[in-house]
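Step one of this worksheet: look at the structure below.
Number of protein chains: 2
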Amino acid sequence: MEQVRALLFDVFGTVVDWRSGVIRDVTALAGQHGADIDAASFADRWRAAYRPAMNQVRTGELPWTNLDGLHRRTLDQLLAGTGLASLDEAGRAWLTTCWHRLDPWPDAVAGLERLRQRSIIAAFSNGNVALLVDMARWGGLPWDFVASAELFRHYKPDPQTYLGAAGLLSLAPAEVMVVAAHNDDLMAADDLGLATAFVPRPGDLGPNHQANQEPARRYTCVAADFGDLADQLGA
Amino acid sequence: MEQVRALLFDVFGTVVDWRSGVIRDVTALAGQHGADIDAASFADRWRAAYRPAMNQVRTGELPWTNLDGLHRRTLDQLLAGTGLASLDEAGRAWLTTCWHRLDPWPDAVAGLERLRQRSIIAAFSNGNVALLVDMARWGGLPWDFVASAELFRHYKPDPQTYLGAAGLLSLAPAEVMVVAAHNDDLMAADDLGLATAFVPRPGDLGPNHQANQEPARRYTCVAADFGDLADQLGA
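Taken in order, these protein sequences are the chains called D and B. If you count the first sequence from 1, position 176 lands on 176 in the numbering used here, and the numbers rise without skipping. If you count the second sequence from 1, position 70 lands on 70 in the numbering used here, and the numbers rise without skipping.
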């Protein structure tokens with residue numbers, strides 16, 4: 001761990017609680033329009049639509065489209081069958097940017113501030129730059145750099161994102177640690193020689209999902225939260 | 001000015017005092033090696049070598065090379081004729097990164113903190129990402145985003161940098177203001193429809209140079225320093 005000079009943080013689920021934030025804004029909008037919507041189910045279906053949409057980009061079926069663009073596409077599809085089917089452009093634009101307004105997990109900001117004393121810290125997310133910049137300002141996330149997938153026009157877990165982020169920081173893969181609550185992200189990083197830190201987030205997918213509760217591989221480190229990660233890194 | 005939502009700051013000369021920082025580190029290294037070097041002249045010649053080297057990239061004569069790479073090339077050329085001609089690899093690597101260790105002008109950090117309350121603020125520089133990230137950590141520059149030329153593989157004043165930075169922030173050109181102490185940078189921005197703020201920095205090039213003391217065009221605003229810019233933008 002001594003050679004790690006930069007920490008790349010997965011964001012959705014690892015740093016911020018995407019589900020509560022999406023539920024909050026869906027609930028608010030439904031209330032304004034008198035629409036009867038199960039906001040939790042809507043949030044889960046919206047999140048579930050993310051991976052297939054992203055894979056359309058990864059396979060070349062869709063041209064490069066950033067995450068705001070994908071969220072808007074999947075939102076339009078989801079709204080069609082709901083009480084918000086006639087939601088106007090301004091409402092759709094506002095709801096799309098609910099992903100810019102997600103709150104950090106309670107330990108995140110204090111942990112990042114400690115970790116930043118030791119290492120460069122960067123957002124490392126499939127979120128686009130504008131989304132990640134807005135979110136950092138919203139939640140007080142003290143990033144040194146925003147290493148968005150948009151910079152590489154590739155989505156995680158494509159290798160171009162991991163190696164591209166290390167390259168922009170002028171670091172070798174082994175000098176960079178990916179911090180994530182998701183095994184697929186960490187396994188891709190590990191395969192490329194990056195260091196890995198697993199921080200499970202039991203609330204990530206809501207109360208009825210059990211994925212990613214345990215490390216699927218031997219990682220560089222496993223931490224209970226960002227404070228524990230700071231302890232283990234001597235920050 | 002009301003429509004401006006992000007401020008893109010030129011860095012060398014506009015935010016940081018590159019000349020004092022380079023002189024400081026050249027002086028320190030020369031002292032360690034007992035070499036007799038005119039550090040101010042060395043700094044000026046190193047800076048003067050930057051534009052021709054960058055133009056070799058802009059014209060395609062050199063493949064894409066980031067600013068650390070260009071600084072190292074020009075350093076090796078300059079050292080040849082000096083008392084540090086036999087400087088070893090570690091010394092050359094350290095001196096190359098003196099451009100990562102430049103101090104902000106006295107008004108810069110406080111001004112940026114105020115401006116950040118109003119708008120997104122980003123470094124917008126020909127410096128590479130690692131350089132700009134190190135410099136922000138060194139000097140406490142509170143960037144929301146590091147919009148390095150390296151992200152676009154084009155150097156300012158190529159249009160790809162101005163339009164690329166606005167695009168990554170999901171903003172129209174007119175919603176973005178370039179802040180710089182140099183007319184060439186601002187004129188390129190203005191030609192593309194970006195807003196412009198001229199902040200002259202009389203100390204930029206040392207005591208014997210008079211370039212960029214006056215605005216060469218009518219800009220969106222002219223400010224005495226970043227505090228004055230914050231006042232004018234209502235930050």
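Cβ coordinates follow ideal geometry from the N, Cα and C atoms, glycine included. Just so we're clear, the structure is a prediction, and the values are computed from it rather than from any experiment.
- With the criterion set as a beta carbon lying under 9 Å from some beta carbon of chain B, the members of the stretch 66 to 94 of chain D are ASN66 and ASP68, in sequence order.
- ASP88 (chain B) and GLY13 (chain B) have their C-alpha atoms roughly 29 Å apart.
- Residues are counted here when their Cβ sits less than 7 Å from a Cβ of chain D; for the stretch 144 to 160 of chain B these are ASP144, PHE145, VAL146, GLU150 and LEU151, given in chain order.
- One alpha carbon belongs to ALA108 (chain B), the other to ALA85 (chain D), and they sit about 49 Å apart.
- For the set B:GLU2, B:LEU7, B:ASP25 and B:GLY21, the Cα lying nearest the Cα of GLY139 (chain B) is the one of B:GLY21.
- Annotated as proximal: LEU102 (chain D) and MET135 (chain D), with beta-carbon spacing under 9 Å.
- Where THR96 (chain D) is concerned, the enclosing alpha helix (DSSP H) starts and stops at 89 to 96.
- Contact check for ARG72 (chain D) against ARG92 (chain D) passes: the beta carbons are separated by less than 9 Å.
- If you ignore the 5 residues before and after ALA195 (chain B), its C-beta comes within less than 6 Å of the C-beta of VAL4, MET177 and THR220, all in its own chain and listed in chain order.
- In this structure, the alpha-carbon of VAL133 (chain B) lies about 7 Å from that of PHE145 (chain D).
- By the criterion of at least three beta-carbon pairs nearer than 8 Å, the stretch 62 to 79 of chain B is in contact with the stretch 35 to 51 of chain B.
- Contact annotation: the stretch 154 to 167 of chain B touches the stretch 183 to 198 of chain B, with at least three C-beta pairs closer than 8 Å.
- With its beta carbon at least 9 Å from every one in chain B, ASN126 (chain D) lies outside the interface.
- No Cβ of chain D is located within less than 9 Å of the beta carbon of ARG118 (chain B).
- Counting only Cβ-Cβ distances below 9 Å, ARG137 (chain D) has contacts in chain B at ARG116, ILE120 and ASP144, in chain order.
- At a Cβ-Cβ threshold of 9 Å, MET1 (chain B) and LEU233 (chain B) count as neighbours.
- Counting only the Cα atoms, ASN126 (chain D) lies some 12 Å from ALA53 (chain D).
- Cβ neighbours of ASP36 (chain D) within its own chain (closer than 6 Å, five residues either side excluded): GLY83.
- Contacts with chain B (Cβ-Cβ distance below 7 Å) from the stretch 163 to 176 of chain D involve LEU168, LEU169 and SER170, listed in chain order.
- For secondary structure counted as the beta strand (DSSP E) over 3 or more consecutive residues, the stretch 146 to 221 of chain B holds these complete runs in sequence order: 176 to 180 and 195 to 198.
- In terms of Cβ geometry, ALA230 (chain D) and LEU115 (chain D) form a close pair [threshold 9 Å].
- SER86 (chain D) sits in coil when the DSSP states are folded into three classes, being neither helix nor strand.
- Across the structure, PHE152 (chain B) and PRO173 (chain D) are spaced so that their CA atoms are roughly 22 Å apart.
- Cβ-Cβ distances below 7 Å link VAL222 (chain B) to PHE198 and PRO215 in the same chain, with the five nearest sequence neighbours on each side left out; the list follows chain order.
- Residue environment for GLU61 (chain D): exposed (fewer than 16 other C-beta atoms within 10 angstroms of its C-beta).
- In this structure, the straight-line span from the alpha carbon of ASP204 (chain B) to that of ALA181 (chain B) is close to 8 Å.
- Per DSSP, the continuous alpha helix (DSSP H) segment holding ILE23 (chain B) begins and ends at 18 to 32.
- Counting every other CB atom within 10 Å of its CB across the protein chains shown gives ARG217 (chain D) a total below 16, marking it as exposed.
- What ALA130 (chain D) touches in chain B, judged by beta-carbon distance under 8 Å, is LEU168, LEU169, SER170 and LEU171, going in chain order.
- Residue pairing by DSSP puts LEU8 (chain D) in a beta bridge opposite D:ALA122 and D:VAL178.
- Here TRP99 (chain B) is not near LEU79 (chain B), since their CB atoms are 9 Å or more apart.
- Taking 9 Å as the cut-off, the beta carbon of PRO142 (chain B) is found closer than this to the beta carbon of LEU112 (chain B).
- In this structure, DSSP gives PRO142 (chain B) a state outside helix and strand, which the three-state scheme calls coil.
- Counting C-beta atoms within 10 angstroms of its own C-beta, TRP105 (chain D) has 16 or more neighbours from the protein chains shown and is therefore classed as buried.
- Check the Cα spacing between THR96 (chain D) and each of D:TRP18, D:ALA147, D:PHE124 and D:PHE9: the tightest is with D:TRP18.
- Between VAL129 (chain D) and the set B:HIS33, B:ALA211, B:ALA166 and B:GLY81, the nearest pair of CA atoms involves B:ALA166.
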